[in-house]
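Mapping to the working numbering: the sequence shown position 44 is 37, numbers consecutive.
Every residue, glycine too, gets a C-beta built ideally from N, C-alpha and C.
Shown next, in structure tokens, is the structure this report addresses.
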Amino acid sequence: FFGWGYVDGTFTRISFHEVFKTKILPFLNPSLLPRAIVVIDNAKIDLYKELQDMIHETGALLFSCLHIHPILML
């Protein structure tokens, strides 16, 4: 499942939050069911407590792709 949204200009934390809340959050399920895992990148607009809380309230799991140390990339 992929959800997406479009905004004129640049995505901000506020516009990302609204798109996530309306296009993705309604389809999340508790863990062990389909659509129960959210993977986000390390963009600053994706890393904030309100987003984490919204996802965890559904019972879904949240994984973020944090920075990888250059030595681990060998």
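Bridge partners - residue i, DSSP secondary structure assignment
i: Ser57; result: Ile33
Backbone secondary structure at residue i - three-state DSSP
i: Val12; result: helix
i: Thr5; result: coil
i: Leu69; result: Nothing about residue 69 can be reported from this structure: the residues present for the chain run from -6 to 67 only.
i: Leu44; result: helix
Residue i burial status per 10 Å Cβ neighbour count (16 or more: buried)
i: Phe13; result: buried
i: Leu21; result: buried
i: Leu44; result: buried
Neighbourhood of residue i by C-beta distance below 8 Å, restricted to the same chain and skipping five residues each side
i: Leu18; result: Met47, Ile48, Thr51
i: Phe56; result: Ile30, Val31, Val32, Ile33
Below 8 Å, can you find three or more Cβ-Cβ pairs linking the region 22 to 31 to the region -1 to 6? no
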